[in-house]
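J.: This is the structure I have questions about; it appears just below.
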Amino acid sequence: MKQNRISALIVILFIGVVSFASAQRGSTFTKPRFIPKGPYEYDTTNTEKGIKLAESSVGLLTREVNPKEYRIGAGDVVSISIGTISPLHYSIAVSSEGNLVIPGVAVINVKDVTLDSAKKAVREAAGKIYAGASVDVSLQRLRQFKVYVLGAVAMPSVVVATPADHVFDVIERAGGILDTGAIRGIMLIREGTSEPEYVDLQRFLAYGYSEANPTVQGGDRIVVPLRNTKDVISISGEVVAQGEYLYMPGDSLSTLIRMAGGLLASARLDSVVVVRMRPQGQDYDEIYLDLTQWRDLQFSDTSLPGDIALHTGDRVYVRAIPKWNERAEVVVDGEVVYPGRFAIIPNVTRLTDVIRMAGGFTEQASLEDAVVIRVSEMKIEDKEYERLKPLPPSEMSKGELQYYRTKSREVKGVMSVSFPDLFLRGNHDNDPVMRNHDSILVPIRNVYINVSGSVRRPGRIMYQPGLKYLDYINLAGGYGFRADMDATLVIKVKGDQFPADSENYTLEPGDNILVLDEPEIKFIDVFTQALTIAAQLVTIVGVVLTIVRLQ
Numbered sequence: 087m088k089q090n091r092i093s094a095l096i097v098i099l100f101i102g103v104v105s106f107a108s109a110q111r112g113s114t115f116t117k118p119r120f121i122p123k124g125p126y127e128y129d130t131t132n133t134e135k136g137i138k139l140a141e142s143s144v145g146l147l148t149r150e151v152n153p154k155e156y157r158i159g160a161g162d163v164v165s166i167s168i169g170t171i172s173p174l175h176y177s178i179a180v181s182s183e184g185n186l187v188i189p190g191v192a193v194i195n196v197k198d199v200t201l202d203s204a205k206k207a208v209r210e211a212a213g214k215i216y217a218g219a220s221v222d223v224s225l226q227r228l229r230q231f232k233v234y235v236l237g238a239v240a241m242p243s244v245v246v247a248t249p250a251d252h253v254f255d256v257i258e259r260a261g262g263i264l265d266t267g268a269i270r271g272i273m274l275i276r277e278g279t280s281e282p283e284y285v286d287l288q289r290f291l292a293y294g295y296s297e298a299n300p301t302v303q304g305g306d307r308i309v310v311p312l313r314n315t316k317d318v319i320s321i322s323g324e325v326v327a328q329g330e331y332l333y334m335p336g337d338s339l340s341t342l343i344r345m346a347g348g349l350l351a352s353a354r355l356d357s358v359v360v361v362r363m364r365p366q367g368q369d370y371d372e373i374y375l376d377l378t379q380w381r382d383l384q385f386s387d388t389s390l391p392g393d394i395a396l397h398t399g400d401r402v403y404v405r406a407i408p409k410w411n412e413r414a415e416v417v418v419d420g421e422v423v424y425p426g427r428f429a430i431i432p433n434v435t436r437l438t439d440v441i442r443m444a445g446g447f448t449e450q451a452s453l454e455d456a457v458v459i460r461v462s463e464m465k466i467e468d469k470e471y472e473r474l475k476p477l478p479p480s481e482m483s484k485g486e487l488q489y490y491r492t493k494s495r496e497v498k499g500v501m502s503v504s505f506p507d508l509f510l511r512g513n514h515d516n517d518p519v520m521r522n523h524d525s526i527l528v529p530i531r532n533v534y535i536n537v538s539g540s541v542r543r544p545g546r547i548m549y550q551p552g553l554k555y556l557d558y559i560n561l562a563g564g565y566g567f568r569a570d571m572d573a574t575l576v577i578k579v580k581g582d583q584f585p586a587d588s589e590n591y592t593l594e595p596g597d598n599i600l601v602l603d604e605p606e607i608k609f610i611d612v613f614t615q616a617l618t619i620a621a622q623l624v625t626i627v628g629v630v631l632t633i634v635r636l637q
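Be aware that the sequence shown starts at 87, since it is given in the numbering used here, and climbs by one per residue.
Okay, here's the thing in structure tokens:
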């Protein structure tokens with residue numbers, strides 16, 4: 087018997103544990119969200135957040151209630167205080183018939199009367215019973231009612247609202263307008279009427295036009311239509327938000343500009359263009375307007391001078407002021423205190439001004455090798471050079487070959503400026519004015535002479551004043567096996583070439599001495615080698631150009 091009791095107790099205990107565990111598991115489940123199907127599908131997560139946020143604002147006032155405007159309705163709660171020997175305080179809800187029942191005083195019908203009128207009626211009634219007593223009347227709580235929100239909203243539904251709520255607030259409580267919905271031409275149908283009012287939330291959202299967002303009343307129906315992509319007006323150019331906007335009767339140019347966020351400071355207002363299609367739809371007219379006076383008035387409450395009505399399909403173009411706020415800059419790279427970009431006034435700021443802005447030169451700056459590169463000059467095409475470029479040297483005339491060799495050594499865009507004359511000797515005759523995208527390159531001082539070609543130990547040799555080219559060749563181990571001792575070139579830092587035995591140059595740090603091979607080597611190989619050295623000398627120019635292109 088005892089064993090049977092224990093068995094039964096174990097069974098009961100097991101059932102209890104299972105039931106408790108099931109209940110615990112069940113408590114973690116949430117109700118599935120309802121996702122409507124069809125043309126008005128929506129993101130339930132975002133919609134839910136939006137609805138919660140909107141619902142938290144129910145009954146919040148945008149401003150204090152105006153007693154002369156607010157109309158009493160069923161559900162409003164009125165606070166009444168009567169200053170007798172024993173003060174009386176009442177909180178009375180207006181009945182469904184619109185009556186205010188004041189104990190011991192009267193029944194007053196306040197349906198659809200203003201709060202100001204209701205106060206007067208209560209004071210008159212109380213004064214008849216409590217002569218000379220002070221009577222204070224105030225609106226304690228706003229009534230709540232139903233508003234139907236339909237059409238292209240996330241969740242068509244019945245929404246709870248108060249007289250303080252506006253159309254925008256109520257639509258947000260229904261999840262907001264869908265991407266396919268229109269924010270202009272929203273129908274607001276009042277209880278007892280069939281003719282809708284049209285609400286223009288675009289104007290409210292764009293520039294806070296309060297009349298475009300009216301308050302709601304009990305029984306209102308708000309219908310959000312699908313977006314109309316045909317009846318549109320558009321604006322482009324110097325406005326905050328270019329684009330197309332649904333056309334509504336009564337739209338004017340000022341309406342469109344305000345909906346587009348207003349005119350930018352760069353807008354040229356003396357020639358705003360409205361393009362309007364003719365009724366046949368095959369041709370158009372251009373209407374030019376001077377809106378100069380609008381600059382400081384575009385969001386004012388006054389009517390704007392020269393405003394015109396728009397038609398569906400109108401396109402508005404607002405041009406920019408030429409060269410408005412155009413930023414002109416130059417790049418300074420290399421041995422200056424502050425390398426970087428510097429703003430200039432084109433054709434006014436000079437080279438010396440820019441170097442001053444860059445803090446001057448460092449101690450390691452090589453002014454002899456500094457260059458100014460003008461990008462605009464690099465784009466100028468030399469048609470003769472381009473014609474000769476694909477031809478082998480053997481097919482060129484002597485004059486063509488000389489021209490081609492000269493042009494091949496030329497670095498495009500390099501301006502003829504002597505930095506030592508300008509900055510060391512104070513000769514300002516050649517202090518060029520700067521242009522947008524100019525580059526100034528100041529290389530580090532070079533202390534070597536580079537010896538290459540047919541020598542025993544090609545490489546860099548420390549520059550020593552007074553040494554001749556033969557001295558440097560000897561320091562490089564002397565001529566190589568097939569060296570042509572009569573065909574040695576000196577190539578200057580900036581690309582100029584001289585026969586080594588010429589008297590027309592002076593060896594300087596950074597110069598190159600090129601010893602050519604014996605004559606049987608093809609001229610084109612010699613030419614290519616010389617050009618390679620010249621290209622190496624101006625590699626830094628390419629670096630600067632890369633910087634310029636990144637601007």
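Just so it is clear, CB atoms sit at the ideal spot from N, CA and C, and this is done for glycine as well.
Going by the CB atoms, is the gap between Val-416 and Val-434 shorter than 8 Å?
T.: Along the sequence shown, one-based indexing puts residue 434 at 348. Along the sequence shown, one-based indexing puts residue 416 at 330. No, the Cβ-Cβ distance between Val-434 and Val-416 is not below 8 Å.
J.: Quick check on Arg-270: does DSSP put it in helix, strand or coil?
T.: By one-based count along the sequence shown, residue 270 stands at place 184. In the structure shown, Arg-270 sits in coil (DSSP, three-state: anything other than H, G, I, E or B).
J.: Assuming contact is defined by CB atoms lying nearer than 8 Å, are Val-649 and Arg-209 in contact in what I supplied?
T.: Residue 649 lies beyond the stretch modelled for the chain, which goes from 87 to 637, so this question has no answer here.
J.: Alpha carbon to alpha carbon, how far is Ala-468 from Lys-498?
T.: Translated into positions along the sequence shown, residue 468 becomes position 382. Translated into positions along the sequence shown, residue 498 becomes position 412. Residue 468 is actually Asp in this sequence, not Ala. Approximately 10 Å between the Cα atoms of the pair.
J.: On the three-state DSSP scale, how would you describe Val-440?
T.: Translated into positions along the sequence shown, residue 440 becomes position 354. The answer is helix: DSSP assigns Val-440 an H, G or I state.
J.: Out of curiosity, what's the CA-to-CA distance linking Ala-260 and Val-239?
T.: Translated into positions along the sequence shown, residue 260 becomes position 174. Translated into positions along the sequence shown, residue 239 becomes position 153. Roughly 7 Å between the two C-alpha positions.
J.: When DSSP labels each residue in this structure, what does Gln-488 get in the three-state scheme?
T.: Residue mapping note: residue 488 aligns to position 402 of the sequence shown, counting from 1. Gln-488 falls in the helix class under three-state DSSP.
J.: Residues in its own chain within less than 6 Å of Val-223 by CB, not counting five upstream and five downstream?
T.: The residue given as residue 223 occupies position 137 in the sequence shown. Within the same chain, Val-223 has close Cβ partners Ile-166, Lys-205 and Val-208.
J.: Could you name the residues of the same chain whose beta carbon sits closer than 8 Å to that of Ser-452, not counting the 5 residues immediately before and after it, in chain order?
T.: Your numbering for residue 452 matches position 366 in the sequence shown. Around Ser-452: Glu-421, Val-528, Pro-529, Ile-530, Arg-531, Asn-532, Pro-595 and Gly-596.
J.: Looking only at its own chain, which residues have a Cβ that is under 6 Å from the Cβ of Glu-330, when we skip the five neighbours before and after it?
T.: Counting from one through the sequence shown, the residue named residue 330 turns up at place 244. Excluding sequence neighbours, Glu-330 sits near Val-318 and Ser-320.
J.: How would you label Arg-344, buried or exposed, when you count the other beta carbons within 10 angstroms and need 16 or more for buried?
T.: Here residue 344 corresponds to residue number 258 of the sequence shown, with the count starting at 1. Arg-344 should be labelled buried.
J.: In this structure, how does DSSP classify Ser-480 when only helix, strand and coil are distinguished?
T.: Taking the sequence shown and counting its residues from 1, the one referred to as residue 480 is at position 394. Helix at Ser-480.
J.: Does any residue of chain E bring its CB to less than 8 Å from the CB of Ile-272?
T.: In summary, chain E is missing from the structure at hand, where a single protein chain is found.
J.: For a test of the three-state rule: what should DSSP assign to Asn-560, helix, strand or coil?
T.: Looking up residue 560 in the sequence shown gives position 474. Note: Asn-560 maps to helix in three-state DSSP.
J.: Just the Cα atoms here: how many angstroms apart are Phe-447 and Arg-568?
T.: Your numbering for residue 447 matches position 361 in the sequence shown. Your numbering for residue 568 matches position 482 in the sequence shown. Spanning the two alpha carbons is a distance of roughly 44 Å.
J.: Contact between the region 389 to 400 and the region 325 to 342 is defined here as three or more beta-carbon pairs at a separation below 8 Å; is this criterion met?
T.: Yes, the region 389 to 400 is in contact with the region 325 to 342.
J.: Does the count of Cβ pairs from the region 406 to 416 and the region 338 to 358 closer than 8 Å reach three?
T.: Yes, the region 406 to 416 is in contact with the region 338 to 358.
J.: Which partner residues of Gln-583 appear in the DSSP bridge assignment?
T.: By 1-based counting over the sequence shown, the position of residue 583 is 497. Bridge partners of Gln-583: Ile-577.
J.: So for Val-289, helix, strand or coil by DSSP?
T.: Here residue 289 refers to the residue found at position 203 of the sequence shown. The residue asked about is misnamed: residue 289 is Arg in this sequence, not Val. Looking at Arg-289 - three-state DSSP - the assignment turns out to be helix.
J.: Mind checking who Leu-474 pairs with in its DSSP beta bridge?
T.: As a working note, residue 474 is residue 388 in the sequence shown. Partner(s): none; Leu-474 has no beta bridge.
J.: For Arg-511, does the three-state DSSP call read helix, strand or coil?
T.: Here residue 511 refers to the residue found at position 425 when the sequence shown is read from its first residue. Of the three classes helix, strand and coil, the one that applies to Arg-511 here is coil, per DSSP.
J.: In three-state DSSP terms, what is Met-464?
T.: Here residue 464 corresponds to residue number 378 of the sequence shown, with the count starting at 1. Met-464: helix per DSSP, three-state reduction.
J.: Please tell me whether Leu-377 and Val-358 are closer than 8 Å, where the distance is taken between their beta carbons.
T.: In the sequence shown, residue 377 corresponds to position 291, counting from 1. In the sequence shown, residue 358 corresponds to position 272, counting from 1. Cβ atoms of Leu-377 and Val-358: closer than 8 Å.
J.: Could you check what DSSP says for Ile-168 in three-state terms: helix, strand or coil?
T.: Position 82 of the sequence shown holds residue 168. Ile-168 falls in the strand class under three-state DSSP.
J.: If we call anything under 8 Å between Cβ atoms a contact, is Asn-185 one with His-252?
T.: Taking the first residue of the sequence shown as position 1, residue 185 is located at position 99. Taking the first residue of the sequence shown as position 1, residue 252 is located at position 166. Contact flag unset, no.
J.: How many Å lie between Tyr-374 and Phe-254 at the Cα?
T.: Here residue 374 is taken as the residue at index 288 of the sequence shown, counted from 1. Here residue 254 is taken as the residue at index 168 of the sequence shown, counted from 1. Cα-Cα distance, rounded: 37 Å.
J.: Determine the direct distance from the alpha carbon of Ala-414 to that of Ala-586, and round the result to whole angstroms.
T.: The sequence position of residue 586 within the sequence shown is 500, counting from 1. The sequence position of residue 414 within the sequence shown is 328, counting from 1. Ala-586 and Ala-414: Cα-Cα distance of roughly 44 Å.
J.: Mapping the DSSP letters down to three states, classify Leu-593 as helix, strand or coil.
T.: As a working note, residue 593 is residue 507 in the sequence shown. It is coil, neither helix nor strand.
J.: Which residues in the same chain have their Cβ closer than 8 Å to the Cβ of Gly-563, if we skip the five residues on either side of it in sequence?
T.: Working through the sequence shown from its first residue, we reach residue 563 at position 477. These residues qualify, in order along the chain: Val-541, Arg-542 and Arg-543.
J.: Exposed or buried, which one is Ala-429 when buried takes at least 16 other CB atoms within 10 Å?
T.: On the sequence shown, residue 429 is found 343 positions in, with the first residue counted as 1. Ala-429 is exposed by the Cβ-count criterion.
J.: What is the residue span of the beta strand (DSSP E) that Lys-232 lies within?
T.: The count along the sequence shown starts at 1 and reaches residue 232 at position 146. That run of the beta strand (DSSP E) goes 231 to 237.
J.: Give the secondary structure of Arg-344 by DSSP, where H, G and I count as helix, E and B as strand, and everything else as coil.
T.: Translated into positions along the sequence shown, residue 344 becomes position 258. Three-state result, Arg-344: helix.
J.: What ranges does the beta strand (DSSP E) occupy inside the region 144 to 227, keeping only unbroken runs of at least 3 residues that lie completely in it?
T.: Segments of the beta strand (DSSP E) lying fully in the region 144 to 227: 163 to 169, 174 to 179, 185 to 188, 192 to 195 and 220 to 227.
J.: Runs of 3 residues minimum, wholly inside the region 288 to 325: which ones carry the beta strand (DSSP E) assignment?
T.: For the region 288 to 325, whole beta strand (DSSP E) runs of length 3 or above, ordered along the chain, are 307 to 310 and 318 to 323.
J.: Can you tell me whether DSSP reads Asn-536 as helix, strand or coil?
T.: Along the sequence shown, one-based indexing puts residue 536 at 450. The answer is strand: DSSP assigns Asn-536 an E or B state.
J.: Pair every Cβ in the region 505 to 520 with every Cβ in the region 453 to 461, then say whether three or more of these pairs are closer than 8 Å.
T.: Touching, yes, given that three or more Cβ pairs across the two stretches are closer than 8 Å.
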